[in-house]
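Asks:
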Amino acid sequence: MATKITNSDLTPSKIIEYLNRYIIGQDKAKRAVAIALRNRIRRRALPPEISHEIMPKNILMVGPTGVGKTEIARRLATLTDAPFVKVEATKFTEVGYVGRDVETIIRDLTEFAVSMVRKKMLLKVQAPALERAEQRLLDALLPRPEKKFQVHDFMRAFNASLSGEKNQDQEQDQEQASNSEQEAQINPEQDARHERTRERLLKMLRDGKLDSRDIEIDVNDSVTAMPFFASPGMDVMGINITEMLGGIMPKRTKKRHMKVSEALRILQQEEAEKLIDTDAMAKEALDLAQEDGIVFLDEIDKVVVKNGSSHGPDVSREGVQRDLLPIVEGSVVQTRYGPVKTDHILFIAAGAFSGVKPSDLIPELQGRFPIRVELEPLSWENLQQILTEPENSLIKQYEALISTEGTDLIFTKESTEEIARLAHKMNSEMEDIGARRLHTMMEQLLEEISFSVCDMETESVTITPEMVRERLSGLIENSDIRRYLL
Ligand SMILES: Nc1ncnc2c1ncn2[C@@H]1O[C@H](COP(=O)(O)OP(=O)(O)OP(=O)(O)O)[C@@H](O)[C@H]1O
Ligand SMILES: [Mg+2]
Numbered sequence: 346m347a348t349k350i351t352n353s354d355l356t357p358s359k360i361i362e363y364l365n366r367y368i369i370g371q372d373k374a375k376r377a378v379a380i381a382l383r384n385r386i387r388r389r390a391l392p393p394e395i396s397h398e399i400m401p402k403n404i405l406m407v408g409p410t411g412v413g414k415t416e417i418a419r420r421l422a423t424l425t426d427a428p429f430v431k432v433e434a435t436k437f438t439e440v441g442y443v444g445r446d447v448e449t450i451i452r453d454l455t456e457f458a459v460s461m462v463r464k465k466m467l468l469k470v471q472a473p474a475l476e477r478a479e480q481r482l483l484d485a486l487l488p489r490p491e492k493k494f495q496v497h498d499f500m501r502a503f504n505a506s507l508s509g510e511k512n513q514d515q516e517q518d519q520e521q522a523s524n525s526e527q528e529a530q531i532n533p534e535q536d537a538r539h540e541r542t543r544e545r546l547l548k549m550l551r552d553g554k555l556d557s558r559d560i561e562i563d564v565n566d567s568v569t570a571m572p573f574f575a576s577p578g579m580d581v582m583g584i585n586i587t588e589m590l591g592g593i594m595p596k597r598t599k600k601r602h603m604k605v606s607e608a609l610r611i612l613q614q615e616e617a618e619k620l621i622d623t624d625a626m627a628k629e630a631l632d633l634a635q636e637d638g639i640v641f642l643d644e645i646d647k648v649v650v651k652n653g654s655s656h657g658p659d660v661s662r663e664g665v666q667r668d669l670l671p672i673v674e675g676s677v678v679q680t681r682y683g684p685v686k687t688d689h690i691l692f693i694a695a696g697a698f699s700g701v702k703p704s705d706l707i708p709e710l711q712g713r714f715p716i717r718v719e720l721e722p723l724s725w726e727n728l729q730q731i732l733t734e735p736e737n738s739l740i741k742q743y744e745a746l747i748s749t750e751g752t753d754l755i756f757t758k759e760s761t762e763e764i765a766r767l768a769h770k771m772n773s774e775m776e777d778i779g780a781r782r783l784h785t786m787m788e789q790l791l792e793e794i795s796f797s798v799c800d801m802e803t804e805s806v807t808i809t810p811e812m813v814r815e816r817l818s819g820l821i822e823n824s825d826i827r828r829y830l831l
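Each residue of the sequence shown is one higher than the last, beginning at 346 in our numbering.
1) Can you tell me which of the three DSSP states K600 falls into?
2) Is G553 buried or exposed, if buried means 16 or more other CB atoms sit within 10 Å of its CB?
3) Could you give the uninterrupted runs of the beta strand (DSSP E) lying entirely in the segment 711-782, keeping only those of 3 residues or more?
4) List, from N- to C-terminal side, the alpha helix (DSSP H) runs of 4 residues or more that fit wholly inside the segment 643-698.
5) Count the other C-beta atoms from every protein chain shown that fall within 10 angstroms of the C-beta of P401, then say buried if there are 16 or more, exposed otherwise.
6) Using 7 angstroms as the cut-off, classify the Cβ of K414 as near or not near the heavy atoms of ligand 2, replying yes or no.
7) Under three-state DSSP, which class holds L790?
8) At a cut-off of 7 angstroms, would you count D643 as near ligand 2, judging by its Cβ distance to the nearest heavy atom?
9) Among all the DSSP beta bridges, which residues are the ones paired with T807?
10) Between the segment 788-804 and the segment 418-425, can you find at least three pairs of beta-carbon atoms closer than 8 angstroms?
11) Please classify P708: is it buried, with 16 or more other beta-carbons within 10 angstroms of its beta-carbon, or exposed?
12) Using the rule of at least 16 other Cβ atoms within 10 Å of the residue's Cβ for burial, across every protein chain shown, is H834 buried or exposed?
13) Between T415 and D622, which are expected to be in contact by the criterion C-beta below 8 angstroms, what is the C-beta distance as a whole number of angstroms?
14) Check whether the Cβ atoms of Q742 and A765 lie closer than 8 angstroms to each other.
15) Please confirm whether any heavy atom of ligand 1 lies closer than 7 angstroms to the CB of Q635.
16) Whose C-alpha, out of P684, G696 and P735, is nearest the C-alpha of E719?
17) Does any CB atom of chain C fall closer than 8 angstroms to the CB of I386?
18) Less than 8 angstroms between the CB atoms is what I'm expecting for L669 and I731, so what's the real figure, rounded?
19) Assuming E616 and A478 are in contact, meaning their beta carbons sit under 8 angstroms apart, how far apart are those beta carbons, in whole angstroms?
20) Which residue marks the beginning of the alpha helix (DSSP H) containing V462, and which one marks its end?
21) In the structure shown, what three-state DSSP assignment does A608 receive?
22) For K431, name the three-state secondary structure that DSSP assigns.
23) So, at 8 angstroms on beta carbons, what are the nonlocal neighbours of V447 in its own chain, with the 5 sequence-adjacent residues on each side left out?
24) Taking 7 angstroms as the cut-off, is the CB of T757 close to at least one heavy atom of ligand 1?
25) Using CA coordinates, which residue listed in A780, E636, E763 and R387 is at the minimum distance from S818?
26) Relative to the alpha-carbon of E736, which residue among R545, V685 and L364 has its alpha-carbon at the smallest distance?
27) Which same chain residues, not among the five before or five after I368, have their C-beta less than 8 angstroms away from its C-beta?
28) Going by alpha carbons, who is nearest to Q635 out of S676, I562 and V470?
29) When the Cα atoms are used, what is the spatial distance from R545 to A472?
30) For I639, which beta-bridge partners are listed by DSSP?
31) Within 10 angstroms of the Cβ of N772, are there 16 or more other Cβ atoms? Answer buried if so, exposed if not.
32) Which class does N565 belong to by DSSP, given the choice of helix, strand or coil?
33) Quick check on DSSP: helix, strand or coil for M801?
34) Just verifying my parser: in three-state terms, what is the DSSP assignment at D552?
35) Verify the contact flag: G370, CB atom, against every heavy atom of ligand 1, threshold strictly below 7 angstroms.
36) DSSP on V701, reduced to helix/strand/coil?
As structure tokens, then:
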């Protein structure tokens, strides 16, 4: 499994080492993002006078379809400790998205940062939260003496488990309980006794002796979602209607039955939430988003207009570029946690640019992506590596799937080479769809086995180069069927 690299470990070579586990080749792109990520950490280490002057060097990744652009973005997301969002530029050409909606990118980034900071803060307050949760649980198990002293009620309820450890104290408790009922008054002695019982109960709780008991507690009713209000447009000003109304309406609690162990867990989370300083959280998150934030703008070529001829849908595409401009150049976006300056956010854009060129982007936007990296088309050797080497490679995925039926699926080196060669051949004779070709070919190759494996008694199936040729070359030679195969 992928181990999460922490910030200090994020050296360019470590980043590349990590990316190499999933992505074959594309060294130039990997180097560019590795350097960009490292530069963020370097900038953070500088005094503010200098660090404010250092603008991120945004990256434009250009390369044919299916060669790993989006895959690099996906892997970066799991690698960095920074707030990261990935959006398709085409999203903003859809009907209903106009003008300032691109600002939602920054709002999403901020939400991400908030959830990162919240998680970190929650972790820090777990110990005090547990103590508070225990106290709340004790209150529920053994209500504090108000007018009426109720220890005996509790004693009755818990007699079974306490009977083993009965001592004088408890017998006294029971004796005097009846007196106290008549008195209907709290006296210091009762108070002390109550405290002792509480302590005993706390010890039992901590020892896990109460874990499997049922209890009824008041828990916060999770904020009822209001789908009726929650249309995407409502977020435009960074206002969350649900939250707004939630603030007006009284907090609702619900009585729920559960085991003591679960109740403790839930109350601990509730208390942890309460212990968080939300102002400090928002401040830290805003800072994190604007200083460390990374935005991956995928499919940027899809909002490019050829030769500047703009009418019809082209207008909206070029509109998206214009909308993006202020964000990429540096502006202030309002979010519900406060304003976010976008000057230092790192933008990585990617596109296949098959019919259009990066120079067809509006000039202002081009200027904001000083680093251009080209991703290479995939050779058949690359395809073979992609098939076998990455930690989540297609071959490993299919082997794992089929193994659940008690059958080992075995690929020889020769057979994976054959698949890669055929994939490459199809890519060069038909449309080049890069590594995506492998997905359709593997599905085709294993269709028969995927279907019949449950009825087979064999312990293993070996895929030979002959099988590959037999199952796939027919498709390659038959142009009619080929049309239906991606
Ligand atoms: N160099 C590579 N190494 C490993 N896997 C790859 C590589 N290139 C592509 N793939 C695999 O092929 C599939 C498509 O790749 P990806 O989504 O990165 O394409 P893309 O470059 O973004 O193409 P498009 O321009 O069409 O968006 C993914 O499943 C990915 O894992
Ligand atoms: Mg892509």
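C-beta: ideal position from N, C-alpha, C; glycine also. Fair warning: this is a prediction, and the values are worked out from it, not measured in the lab.
Replies: Taking the geometry as given:
1) strand
2) exposed
3) 716-719 and 753-756
4) 658-674
5) buried
6) yes
7) helix
8) yes
9) I755
10) no
11) exposed
12) Examination of residue 834 is not possible in this model, given that the chain is present from 346 through 831 alone.
13) The pair is not a contact, with the Cβ atoms about 38 angstroms apart (cut-off 8 angstroms).
14) no
15) no
16) G696
17) The structure shown contains no chain C, having only a single protein chain.
18) Not confirmed; about 32 angstroms, so no contact.
19) 5 angstroms
20) T449 to K469
21) helix
22) strand
23) F437, V665, D668, L669 and I672
24) no
25) E763
26) L364
27) K375, G413, E416, I417, R420 and P735
28) S676
29) 20 angstroms
30) F429 and L691
31) buried
32) strand
33) coil
34) coil
35) yes
36) coil
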